[in-house]
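Colleague:
Residue numbers (the numbering used here): 163 to 258.
Structure follows, in structure tokens:
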């Protein structure tokens with residue numbers, strides 16, 4: 163299992179409508195990309211100082227699945243949408 167984790171800090175104009183659009187595209191990933199096993203995402207609940215504003219976790223079976231996911235049009239469109247509301251981004255890929 164591989165977890166692709168994206169942590170973002172949002173721009174001031176990234177409103178609820180923007181986050182709803184991002185969430186809808188994330189929810190659709192398992193339906194349109196066969197390699198996506200599962201997804202989770204959400205806003206930080208504020209327990210730790212200095213945390214990112216929003217996180218996305220995409221579960222994939224292996225590195226080959228990640229390559230297919232990364233190249234898929236649905237992922238590319240999601241990444242472009244995310245860039246519109248992101249001040250900074252950090253990514254980590256974990257093999258579990």
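All C-beta atoms in this analysis are idealised placements derived from N, C-alpha and C, irrespective of residue type, glycine included.
#1: Which residue's Cα is closest to the Cα of residue 184: 254, 241, 223 and 250?
#2: Kindly indicate if chain C contains any beta-carbon less than 8 Å away from that of residue 256.
#3: What span of residues does the alpha helix (DSSP H) with residue 236 cover, start to end?
#4: Within a Cβ cutoff of 7 Å, which residues of the same chain sit near residue 243, ignoring the five residues on either side of it in sequence?
#5: Report the start-end ranges of each alpha helix (DSSP H) in the segment 177 to 236 that is 4 residues or longer and not cut off at the edges.
Modeller: Taking the definition as stated:
#1: For residue 184, the nearest C-alpha among the options comes from 241.
#2: Included in the structure is just one protein chain, with no chain C present.
#3: Where residue 236 is concerned, the enclosing alpha helix (DSSP H) stretches over 235 to 246.
#4: These residues qualify, in order along the chain: 183, 184 and 187.
#5: 178 to 194 and 225 to 233
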